[in-house]
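This report refers to the structure that appears directly beneath it.
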Amino acid sequence: MRFHPSEEQLAIQDAVRGTLADVWPKERLEKFVDGEADFDPDSWQALMALGLGGLLLPEDQGGAGLGLLDAAMVAEVAGQAAAPGPIGAQMLAALIVSKSDNQEAKAHLDALTSGEAVATFAFGGAWLPESWDATPESGSVRFVQSAGAANLFVLGTKGGGIALVEAGEGVTIEPVKSSDRSRRLSTVSFSGARAYTLFEAGDPFVARIFDAALVLVAADALGGAQYCVDLSVAYAKEREQFGQPIGRFQALKHQLAQMALEVEPARALVWYAGYAHDADLPDAARAAAMAKAHLADRFVSVARAAVAAHGGIGYTWEYGLNNWFRRSLFDRAYLGSPAVHRARAADLAGW
Amino acid sequence: MDLSYGAEAEAFRTEVRDFLRATWQPGALRGADLKAYITDFRGKATDAGYLYRAIPKAFGGSEQPADVVRAQVIREEFGRARAPMEITGNGMNMLVPTLLEKGTPEQKELFIRKTMSGEYMWGQGYSEPGTGSDLASVRTKGELVGDEWVINGQKIWTSQGDRATHMFALIRTEPQASKHGGISYLLIDLNQPGVTRRPIRQMTGDAGFYEFFFDNAKTPASWLIGERGDGWNVSRTTLKHERAAIGSATGLGTQFDKLVELAREVTRNGKPAIQDPEVRQALTRIEGYVMAHRYSSYRLFSLAAAGEDGGLVQSMMKLLLTETGHEMALAAQELIGDDALVEPASAGTRGRGPEKWLDQVMGSLGNSIAGGTTNIQRNIIAERGLGLPRDLAMGAEK
């Protein structure tokens, strides 16, 4: 029985955290959000050099053979650092291609594993697989992250299948002015694009991949929410008013305790969702939906509370807290709102 | 991560199950016969090493090395067989650990066995009418006259005060000393002329607590635990042995299941309420917290099994329980609708309708107060968990 991170898992988190501290300091994030690019090659290469592209790939196929729980721990650190790039999609892409029977698509596996080829999700419709409505031949998908830099699109196809689509001919990209500037989105249109069918509509593996993606968003939200708590607590210890640190005042102290209370217990929910997926437990899909809904709400709530706890400085552009607030908007909406996943969870419980 | 307990624990489970099958057969026994059977069973279960694991053999315990996984397996299997575990209550939970750590051999001999057998039942004498969250401000006086302490004052919020035979109490014995340094930890026999007890009727209408008045009550000088003036520190002794337990110990999950049941039973717009989209949203929103609580208890259990500290999340469990209980109370109130206008019959009586949820609705308010108020919990999380500077007004605490 073990339900706390292993030394190895903590080491992976430390490696990702250390790399991001080097390649994605506050100044880089500031520059990125003030620019127009939807991708940052330097931080991407540094993260991929850690082997994230092959994290979920079995060892006999050149991967690290780790599970969704490990990937979620990576996504958590990425969320904490407001990292750019479709890291979650990249980690899942190699797994998706390796699990498919389409042998031709496997030609892309090495480049996905190394991170040389950037993969991103293109899930259209109303996010849920049954609502996907595009095909490589025709259709468009709103809200695709880092589309301009992507070499490969993991396209959710009509009725709930998955195709791997190559960038280039037959693929048109129209940037969306995105509220989360650390993860810029585009509308991507497909018309006769070069593609590989990976899973047919209705294949149960598609639902499983979608659930995995939900867990990674939940983990990103956990990391982002943790950042908001940490920043607010540090500020309360340092900022003085009335001749003392504001963190001594009970009103603020209680606000901060309440923020931490939103986040810390929810960590174990993300772990459970990852574990349940890896162990293929009967409640894995439901746990993923619950984790996505709960963590997205906690992130929004804590990001708002963080601005309030800071006072004026928290409301400025310069201070940068707004980048995490904006990420909370993304994590809440992306792949379906908390209400959507709670409705699913109620269905899955058989209520 | 791995939620299975492992081969060693499963072998132990089989052993416990076999023991229970052979030893716990109460059949149709009732009344005094059942009581005697249970006493005998507890003795056998203790001999087998399943009960009173933290208590030395010299005092009637089974003196087992701390092992949270085994303790959990025992809880699960005894629960499954509906077999009685240790006698619980303030005496076993609070006094005995304190005696084991701070008591003299004579005190241990005098009190531990009788507490385990249920002969001595203990009330907690901490709070006073003027002493709530600021516990170290207790004013009940103890004066050493000859070889006896003479006690005057009042204690309040003593649970099981109707049955208590004895009390462990924080008494001010050193009026000249500092606030925290003037308190001693004394044991008091409650069945004596100088002690009066009175029930406190609470908002539910029941009386779960008592207050005690001391008017020249007496207790032997040797019933002082620890040194004079060290009572504050003595009272902080807690049972660390196998304290971690998984999930259901808190009842939050069970209560949530009942709430879902309620939503199936009551109707909304002519259909079971559980089919209403709003109700489904409300329930799953609460369930997010219930799951966070459950899996955090797994996390704490796992840390305890590895001999590691629970850290920040440990300090949050009570507040999370309280707040989620409040959310459930509000949801239940919404579901029962006009039945909230009906006063529920006493718990355990037949024919209680949805209005029985008013017990939980009101009881959830008690949870915000008992065992450290919600605001005190927030202070603890902020100061000990997040490292925020201590409140100046409370700075005197050591």
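Respectively, the protein sequence lines represent chains A and B. Position one of the first sequence corresponds to residue 2 (our numbering), numbered consecutively onward. Position one of the second sequence corresponds to residue 1107 (our numbering), numbered consecutively onward. Where a beta carbon is used, it is the ideal one built from N, C-alpha and C, also for glycine.
Environment of residue i [buried if 16+ CB atoms lie within 10 Å]
i          : result
Arg345(A)  : buried
Ile1294(B) : buried
Asn1297(B) : exposed
Pro6(A)    : buried
Ser187(A)  : buried
Phe124(A)  : buried
Ala1488(B) : buried
Ile1306(B) : exposed
Ala1502(B) : With a pLDDT of only 41 at Ala1502(B), under 50, the local geometry of the prediction cannot be trusted, and the value read off the model is given with reservation. The residue is exposed, with fewer than 16 neighbouring Cβ atoms inside 10 Å.
Val308(A)  : buried
Asp1153(B) : exposed
Arg1370(B) : exposed
Cβ neighbours of residue i in the same chain (closer than 7 Å, five flanking residues each side left out)
i          : result
Lys1504(B) : Note on Lys1504(B): pLDDT 37, under 50, position unreliable in the model; no value is reported.
Lys1163(B) : Glu1169
Ser1354(B) : Because the pLDDT at Ser1354(B) is just 48, under 50, the model does not fix this residue reliably, and the value given afterwards should be weighed accordingly. Within the same chain, Ser1354(B) has close Cβ partners Thr1360.
Val1340(B) : Thr1204, Lys1208, Tyr1291, Ile1331, Gly1332
Leu217(A)  : Ala72, Ala73, Ala76, Gly89
9 Å Cβ cutoff, residue i in contact with chain D
i          : result
Leu1293(B) : Any reference to chain D falls outside this structure, whose protein chains are A and B.
Own chain, CB closer than 8 Å to residue i, minus 5 neighbours either side, in chain order
i          : result
Leu1457(B) : The identity of residue 1457(B) in the sequence shown is Gly, whereas the question assumes Leu. Result list for Gly1457(B): Ala1451, in chain order.
Arg1269(B) : Met1227
Met1198(B) : Glu1192, Thr1221, Met1222
Glu241(A)  : Ile247
Phe1315(B) : Ile1262, Trp1263, Thr1264, Ser1265, Gly1267, Pro1305, Ile1306, Gln1308
The beta strand (DSSP E) enclosing residue i, as first and last residue numbers
i          : result
Glu167(A)  : 162-167
Met1273(B) : 1272-1278
Asn1322(B) : 1315-1326
Trp1228(B) : 1228-1231
Arg305(A)  : No beta strand (DSSP E) contains Arg305(A), which is instead part of the alpha helix (DSSP H) from 285-311.
Tyr197(A)  : 196-200
Thr1129(B) : No beta strand (DSSP E) holds Thr1129(B); the alpha helix (DSSP H) holding it covers 1113-1129.
Ser190(A)  : 186-191
Leu1358(B) : Element bounds for Leu1358(B): not the beta strand (DSSP E) but the alpha helix (DSSP H), 1358-1371.
Gln146(A)  : 140-146
Cross-chain neighbours of residue i in chain A, by beta carbon under 8 Å
i          : result
Arg1386(B) : Arg343, Ala344, Ala347, Trp352
Ser1051(B) : What is shown of chain B runs 1107 to 1504, which leaves residue 1051(B) out entirely.
Leu1441(B) : Ordered by position in chain A, no residue passes the 8 Å Cβ test against Leu1441(B), which lies about 13 Å from the chain.
Pro1383(B) : Ala344
Neighbour list for residue i in chain B, Cβ cutoff strictly below 8 Å
i         : result
His5(A)   : Met1107, Arg1405, Ser1408, Leu1409, Ala1412, Glu1414
Lys293(A) : Result: empty, since nearest Cβ-Cβ is about 10 Å, beyond 8 Å.
Arg249(A) : Leu1494, Pro1495, Arg1496, Asp1497, Leu1498
Contact set between residue i and chain B, taken where Cβ atoms lie within less than 7 Å
i         : result
Arg305(A) : Neighbours of Arg305(A) on chain B: none; closest Cβ ~17 Å, over 7 Å.
Arg240(A) : Simply none; closest approach about 12 Å.
Leu69(A)  : What Leu69(A) touches in chain B: nothing, since even the nearest Cβ is about 11 Å away.
Ala269(A) : Ala1398, Tyr1401, Ser1402, Tyr1404, Arg1405
Glu265(A) : Leu1418, Val1419, Met1422
Leu217(A) : By Cβ distance, chain B contributes nothing, its closest Cβ being about 17 Å from Leu217(A), past 7 Å.
Residue nearest to residue i in terms of C-alpha spacing, selected from the options
i          : options                                        : result
Ala306(A)  : Ala285(A), Ala261(A), Arg287(A)                : Ala261(A)
Gly149(A)  : Asp332(A), Asp39(A), Trp272(A)                 : Asp39(A)
Ala120(A)  : Val155(A), Ala285(A), Gln245(A), Val301(A)     : Val155(A)
Asp41(A)   : Gly63(A), Arg185(A), Leu282(A)                 : Arg185(A)
Asp298(A)  : Val341(A), Ala47(A), Glu37(A)                  : Val341(A)
Asp1312(B) : Glu1489(B), Trp1329(B), Gly1469(B)             : Gly1469(B)
Arg209(A)  : Cys229(A), Ala277(A), Leu232(A)                : Ala277(A)
Leu129(A)  : Trp325(A), Gly313(A), Ala334(A)                : Ala334(A)
Ala1379(B) : Glu1414(B), Gly1231(B), Ala1437(B), Ala1323(B) : Ala1437(B)
Same chain only: Cβ atoms within 6 Å of residue i, ignoring 5 sequence neighbours per side
i          : result
Phe1184(B) : Met1191
Trp45(A)   : Gly86
Ser1233(B) : Ile1262, Trp1263
Pro176(A)  : Ser187
Gly66(A)   : Pro59, Glu60
Thr136(A)  : Thr158, Lys159
Chain B contact residues for residue i, given Cβ-Cβ distances below 9 Å
i         : result
Trp272(A) : Met1107, Tyr1401, Tyr1404, Arg1405
Val75(A)  : The contacting residues do not exist; Val75(A) stays about 15 Å from chain B at best.
Under 7 Å from the C-beta of residue i: neighbouring residues of chain A
i          : result
Glu1371(B) : Going along chain A, no residue has its Cβ under 7 Å from Glu1371(B), so there is no contact; the nearest lies around 13 Å.
Leu1425(B) : Leu262
Per-residue contacts from residue i into chain A (C-beta, under 9 Å)
i          : result
Asn1375(B) : Residues of chain A passing the Cβ test: none, with the nearest at roughly 16 Å.
For residue i, the first and last residue of its enclosing alpha helix (DSSP H)
i          : result
Ile13(A)   : 8-24
Glu1254(B) : Where Glu1254(B) is concerned, there is no enclosing alpha helix (DSSP H), although the beta strand (DSSP E) it sits in stretches over 1254-1265.
Tyr1404(B) : 1383-1411
Thr1430(B) : 1423-1442
Ser1(A)    : Because residue 1(A) is not part of the residues shown, which for chain A are 2 to 352, the question remains open.
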